[in-house]
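Residue numbers for the sequence shown follow UniProt numbering, so the first one is 1 and each next one is one higher. Down below is the structure, laid out as structure tokens.
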Amino acid sequence: MSQSRLSFALSASDTLPEQGQIALFAPAAALDLSALPLDRLVAFQPFKPDHDALAARGVAMAQVPEGPYAAAVVFAPRAKAQARALLAQACECVEPGGPIYIDGAKSEGIDSLLRELRGLVALDAPIAKAHGKIARFPADPKALADWAARDIAAAPGFITRPGVFSADGVDEGSALLAACLPETLPARVADLGAGWGWLAAQALARQGVQEIALYEADATALDCARRNIPDPRAQFHWEDVTRLPAGPRFDAIVMNPPFHKSRAAEPGLGEAFIAAAARLLTPSGTLWMVANRHLPYADALAKSFREIQEITPPSGPSTRFRITRAQGVISAREQARGTPPQRPSRTRR
């Protein structure tokens with residue numbers, strides 16, 4: 001685990017400055033804090049569940065690095081462009097010469113990232129432990145300037161940033177779902193897991209929509225959505241959708257729920273999104289959802305909705321994705337009593 005590597009590296013050296021704040025970039029919720037001075041830490045974690053978990057442990061959280069910081073630890077994500085951007089940020093906000101640690105798993109590409117760094121900074125010999133590596137280099141504000149995050153033109157009129165879901169273009173599933181939406185939608189709509197806002201923008205283009213609430217756990221993606229949808233009808237919420245309580249009530253919900261937290265598929269995440277949609281819809285509200293066909297969501301849908309229909313996209317059946325329209329929310333009280341499961345039926349538009 002990266003936490004073990006960090007603790008081992010810090011215990012094997014005496015390089016952390018005795019004074020000044022220490023910046024943590026993209027730390028995991030379960031970060032081992034035992035080798036770090038808690039009262040001097042400032043963490044930057046755009047993923048809401050990890051952000052909240054770290055805050056609950058007493059770590060000071062911030063949205064934008066300001067500095068100057070005495071040192072930094074960068075926990076390398078899988079997306080290489082995002083890892084480079086985090087390292088560039090660290091170099092900019094750590095005092096020149098201050099130590100920057102880069103930590104990552106081999107399965108996430110730490111070896112190739114370290115190879116790139118060797119030609120740009122004075123990188124110490126890495127420490128290999130627990131299927132990963134950690135290395136240190138002195139901060140230089142100009143060394144990694146070319147790695148700074150830049151906007152990505154993902155679609156006409158839409159920008160993204162490195163590391164967000166489907167950063168290079170519109171997700172195929174979202175495009176299919178948008179094609180299945182009716183020409184008129186009800187007044188109050190929500191997009192759960194809204195990402196950088198493309199699907200929400202398509203919903204806003206339908207007649208009848210008076211407001212749309214975008215819920216997204218990735219603050220970076222949500223910032224992109226704010227820029228992509230300069231429409232006063234749009235409201236933006238940095239939230240963990242799986243923990244949303246009942247209310248406010250929406251007439252329709254659109255969503256392309258995530259099913260990964262790491263490399264392995266986690267269907268429970270999508271099931272939690274379905275349950276959240278049922279909590280947030282009015283009794284007569286409609287859920288419009290796209291998901292990969294192999295994901296086992298039938299039981300979760302039948303638990304929360306009376307009417308479940310598979311929609312065939314205008315372009316024809318998809319072998320990869322399933323578009324679902326679900327109506328007739330089953331209340332928590334009814335679920336406790338037990339409601340016969342519903343079978344999805346196919347319909348064409």
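Backbone N, C-alpha and C define an ideal beta-carbon position, used for all residues, glycine too.
For residue i, the three-state DSSP class (helix, strand or coil)
i, result
"Val64", "coil"
"Arg349", "With a pLDDT of 49 at Arg349, under the threshold of 50, the modelled position of that residue is not reliable, and no figure is offered here."
"Glu334", "helix"
"Phe43", "Sequence check: residue 43 is Ala here, not Phe. Strand at Ala43."
"Leu24", "strand"
"His51", "helix"
"Asn256", "coil"
"Arg293", "coil"
"Gln327", "strand"
"Ile102", "strand"
"Asp218", "strand"
"Glu18", "coil"
"Arg5", "helix"
"Gln207", "strand"
"Ala213", "strand"
"Ala194", "coil"
"Asp251", "strand"
"Ala200", "helix"
"Ala128", "strand"
"Ala72", "strand"
"Ala79", "coil"
Exposure label - residue i; buried when at least 16 CB within 10 Å
i, result
"Pro27", "buried"
"Gly119", "exposed"
"Gln45", "buried"
"Lys48", "buried"
"Ser7", "buried"
"Asp146", "exposed"
"Gly97", "exposed"
"Asp168", "exposed"
"Gln19", "exposed"
"Pro317", "exposed"
"Gln21", "buried"
"Thr220", "buried"
"Arg349", "Its pLDDT being 49, under 50, Arg349 is placed unreliably by the model, and nothing is read from it."
"Arg5", "buried"
"Leu38", "exposed"
"Gly247", "exposed"
Beta-carbon proximity list for residue i, same chain, < 7 Å, skipping 5 on both sides
i, result
"Ser304", "Ile274, Ala275, Ala278, Val329 and Ile330"
"Pro126", "Leu114, Lys133, Ile134 and Ala135"
"Ala148", "Ala85 and Ala88"
"Ala62", "Val42 and Phe44"
"Leu199", "Ser174, Leu177, Ala178, Asp191, Val254 and Asn256"
"Ile110", "Ala76, Gly104, Gly132 and Lys133"
"Ala83", "Ala76, Pro77 and Leu113"
Proximity winner among the options, relative to residue i (alpha-carbon distances)
i, options, result
"Val59", "Ser34, Ala81, Pro68 and Ala70", "Ser34"
"Pro314", "Ala70, Cys180, Leu16 and Val290", "Cys180"
"Val64", "Ala43, Glu307, Met289 and Ala71", "Ala43"
"Pro17", "Pro317, Ile152 and Pro68", "Pro68"
"Pro267", "Asp299, Asp231 and Phe250", "Asp299"
"Phe25", "Ala122, Gln210, Pro138 and Pro77", "Pro77"
"Glu92", "Glu108, Ala72 and Ala81", "Ala72"
"Arg227", "Arg57, Pro245 and Ala154", "Ala154"
"Arg40", "Thr15, Ala70, Ala302 and Ala30", "Ala70"
"Asp52", "Glu310, Arg249, Ala246 and Asp240", "Asp240"
"Gln309", "His294, Trp288 and Leu295", "Trp288"
"Glu334", "Thr312, Ala302 and Ala201", "Ala302"
Short CB-CB distance (under 8 Å) between residue i and chain C
i, result
"Gly270", "Although the question refers to chain C, the structure presented lacks it and comprises just one protein chain."
6 Å Cβ shell around residue i - same chain, five flanking residues per side excluded
i, result
"Leu10", "Ala35"
"Gln235", "Ala213"
"Leu244", "Ala276"
"Gln327", "Thr286 and Glu307"
"Val74", "Phe25, Leu86, Leu87, Ala90 and Ile102"
Sequence-distant residues of the same chain with beta carbon closer than 8 Å to residue i, five excluded per side
i, result
"Gln207", "Glu183, Thr184 and Leu185"
"Ala291", "Gly173, Asn256, Pro257, Phe259, Gly270, Tyr297, Phe321, Arg322 and Thr324"
"Ile152", "Ile159, Thr160, Arg161, Pro162, Ala167 and Asp168"
"Gln210", "Ala187, Arg188 and Arg233"
"Asp50", "Pro27, Ala28 and Ala29"
"Ala79", "Pro162, Gly163 and Ala167"
Inset, instruction - Could you pull out every unbroken beta strand (DSSP E) segment of at least 3 residues lying fully inside the segment 131-192, listed in chain order? - result: Counting whole runs of 3 or more residues, the segment 131-192 contains the beta strand (DSSP E) stretches 132-138, 152-155, 158-160 and 188-192.
Legend entry - Those runs of the alpha helix (DSSP H) which lie wholly inside the segment 264-320 and span at least 4 residues: 267-280 and 298-304
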